[in-house]
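To keep things clear, I will list the structure first and then write my remarks on it.
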Amino acid sequence: MPAAISSSEPIIPTTLLTAQIRDALRAIVGEKGFIEDKHGKQPFVTDWRGLLVGGAGAVVRPASTEEVSQVVRLCHEHGVAIVPQGGNTGLMGGATPWPAHTGIVLSLGRMNRVIDVDPVGYAMTVEAGCVLQTLQETAAEHDRFLPLSLGAQGSCMIGGNLSTNAGGVQVLRYGNARNLVLGLEVVLANGDVWDGLRALKKDNTGYDLKHLFMGAEGTLGIITKAVLKLWPAPKDVCTSWLAVRDPRAALEILSEAHAASEDNVGSCELMSRSAIDMVLRHIPGTQDPLKANTPWYLLLEWSSARARQDGTEGMSEKMEQFLADQLEAGRVLDAAIAQTGNQSRNMWRIRESVAEAQRAEGPGLSFDVSVAISRIPEFIDKGIKAVLDILPSIRPYPLGHIGDGNLHFSFMGPKGMDQPTLTQYKGAITRAVNDLIASMGGSISAEHGIGMDKLDELSHYRSKTELDIMRTIKRALDPQNIMNPGKVLRL
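The sequence shown begins at 1126 in our numbering and counts up by one.
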């Protein structure tokens, strides 16, 4: 059973749902879209990690933008707080209501239509409740590619991906979620609908409003539709699993891979042996691609939209030659190139199952940070030392998307230590890690966002000027503070 949220709660609206408001909400979304029994609400008020549980007067599941608009307008009129929610797979508590929340959780899951696919214009218009993997498959059916790729893609929803500016394993080549969007439709805090569903790559008419809502975690408005960018479908893909000398060697491999692949590096993922072993222990069906005597591994994938032609050198041949050179240079100690789709999928499943394995392993701490790419080895060395100085028996398992400077600096608690005991060390460890990140000019949240978990950390590390600007925007768009209150900012 998840524990109630223990952080000091911010001040949030506590208007109760009266019988009149409940009846009005039910009239808008119908019985199918209104949940008020405790058992039915439970999955919506509990976060994916099972660590946080909040409160809600009801869960409201609209089926259209018009219904979202009517629900939000009603809540605005009565001062009822709203927690927008997609697939509820976030890792920072951004979609979980606070325990004191008496308003609604607004789930977008029923809004799951693909409205239009334009293969010629390389664009797709979708509703916010579409599951990411469904959109990837839809793009593939039209010989196109949607590059946003996450471990939770089988259940996360595109509205939540955009609201949190999700990252993932393709950021190196294609950018974060905000880089994959041409236009948005958003329901504002008063119920008005902003229609920015324009499939334009060039539109220089004042403020680019869509970027206000991506990464805002539902605190400024609710994304209801999006126009997404598509790319040519990959036709020639080569995936390899490398045992590498150390993180410095991994960066040098990546640096040289760009030219060797003719600028076709799709992903570059650093993994520690401890993280791999944890996945192999807990995720059925995974197989170790390479057993080598090294604590560091690299998942490297190259892909091209040009199909391999007979008699020409494809990605696989280029990769083989490149890895031979890296072996000779001493950066790569051993290597396995996927020969089948199943082998490639196994490699990716190991990487993408780390969060699930961590949950099964037991209590842990994880930091989603970024620094300049060239400083990743320095951060790993200094960061692990700083944490071990506080708790020598903690178990580090760093990994990450090193091509974009993002490291998931994660630790499992000492064997036998329970969550309450580990939590006693969390404050000191968090301060040590984040102080180091700040001293290196990095970010305390590279891709997971702020939510409620990093609420106080953001206020500690962002400047007064930055926080004042953010609060000014929040108050202008949501003066009643009903949109996901108590997330990102303390007002």
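We put the CB at the ideal spot given by N, CA and C, even for glycine.
All figures in this text were calculated on a predicted structure; none of them were measured in a lab.
Worksheet entry | Rounded C-alpha distance that separates ARG1406 from GLU1481 | 11 Å
Discussion item. Could you tell me which whole alpha helix (DSSP H) segments of length 4 or greater appear in the stretch 1329-1394?
Written reply: 1335-1338, 1372-1385
Item to complete: Would you check if the distance between the CB atom of LYS1360 and the CB atom of ARG1269 is smaller than 8 Å?
Response: no
Discussion item. So, with DSSP's three-state summary, where would you put ASP1320?
Written reply: strand
Worksheet item: Which same chain residues, not among the five before or five after PRO1502, have their C-beta less than 8 Å away from its C-beta?
Response: ASP1371, PRO1372, ARG1373, LEU1376
Worksheet item: With which residues is LEU1490 paired in a DSSP beta bridge?
Response: PHE1536
Discussion item. Quick check on ALA1248: does DSSP put it in helix, strand or coil?
Written reply: strand
Discussion item. Does the stretch 1507-1516 come into contact with the stretch 1585-1603, if we say contact requires no fewer than three beta-carbon pairs (one atom in each stretch) closer than 8 Å?
Written reply: no
Discussion item. Cutting at 6 Å between CB atoms, please list the residues of its own chain near TYR1299, excluding the five before and the five after it.
Written reply: PRO1272
Practice prompt. Look up GLU1134 in the DSSP assignment and say whether it is helix, strand or coil.
Written response: coil
Practice prompt. Spell out the partners DSSP gives MET1608 in its beta bridges.
Written response: ILE1207
Discussion item. Please state whether the Cβ-Cβ distance between ASN1609 and VAL1154 is less than 8 Å.
Written reply: no
Worksheet item: Do you know offhand how far PRO1409's Cα is from ARG1484's?
Response: 14 Å
Worksheet item: Is the shortest distance between the beta-carbon of GLY1466 and the beta-carbons of chain B less than 8 Å?
Response: No chain B appears in this structure, which consists of one protein chain only.
Worksheet item: Under the rule that 16 or more other beta-carbon atoms within 10 Å means buried, what is THR1465, buried or exposed?
Response: exposed
Worksheet item: If we count Cβ pairs, one from each stretch, closer than 8 Å, do we get three or more for the stretch 1440-1454 versus the stretch 1300-1319?
Response: no
Worksheet item: Counting pairs of Cβ atoms below 8 Å between the stretch 1488-1502 and the stretch 1456-1471, do you hit three or more?
Response: no
Practice prompt. Can you say whether GLU1192 is buried or exposed, counting buried as having 16 or more other CB atoms within 10 angstroms of its CB?
Written response: buried
Practice prompt. Could you name the residues of the same chain whose beta carbon sits closer than 7 Å to that of ALA1557, not counting the 5 residues immediately before and after it, in chain order?
Written response: ALA1511, VAL1512, ILE1515
Worksheet item: Roughly how many angstroms separate the alpha carbons of ALA1351 and VAL1196, rounded to a whole number?
Response: 20 Å
Discussion item. Could you tell me which whole alpha helix (DSSP H) segments of length 4 or greater appear in the stretch 1541-1605?
Written reply: 1544-1564, 1580-1586, 1589-1602
Practice prompt. Can you say whether ASN1213 is buried or exposed, counting buried as having 16 or more other CB atoms within 10 angstroms of its CB?
Written response: buried
Worksheet item: If you count every other CB in all the chains shown that lies within 10 Å of the CB of LYS1166, and 16 or more means buried, which is it?
Response: buried
Discussion item. What would DSSP say about VAL1613, mapped onto helix, strand or coil?
Written reply: coil
Practice prompt. Run through the stretch 1250-1289 for me and flag every whole alpha helix (DSSP H) of 4 or more residues, listed as ranges in chain order.
Written response: 1257-1266, 1283-1288
Worksheet item: Which residues bound the beta strand (DSSP E) around GLY1308?
Response: 1306-1313
Item to complete: Below 8 Å CB to CB, which residues in the same chain sit around LEU1561 once its five sequence neighbours on both sides are set aside?
Response: PHE1504, LYS1507, GLY1508, ALA1511
Worksheet item: Buried or exposed: HIS1164, going by 16 or more other Cβ atoms within 10 Å of its Cβ?
Response: exposed
Practice prompt. If I'm right that VAL1170 touches GLY1182 with Cβ under 8 Å, what's the distance once you round it to whole angstroms?
Written response: Wrong, their Cβ atoms sit about 11 Å apart, outside the cutoff.
Item to complete: Please report the Cβ distance between THR1263 and VAL1242, rounded to the nearest whole angstrom; I am assuming they are in contact, meaning their Cβ atoms lie under 8 Å.
Response: 6 Å
Worksheet item: Using the beta-carbon count (16 or more within 10 Å), is ASN1418 buried or exposed?
Response: exposed
Practice prompt. Pick helix, strand or coil for VAL1496, following the three-state DSSP scheme.
Written response: coil
Worksheet item: With a CB to CB cut of under 7 Å and the five nearest residues on each side skipped, what residues in its chain are close to ARG1500?
Response: MET1565
Worksheet item: Opposite ARG1520 in the DSSP bridges: which residues?
Response: MET1537
Fill in: Burial state of LYS1579, where buried means 16 or more other Cβ atoms lie within 10 Å
buried
Practice prompt. Please report how far the alpha carbon of GLU1486 lies from the alpha carbon of GLU1134, in whole angstroms.
Written response: 29 Å
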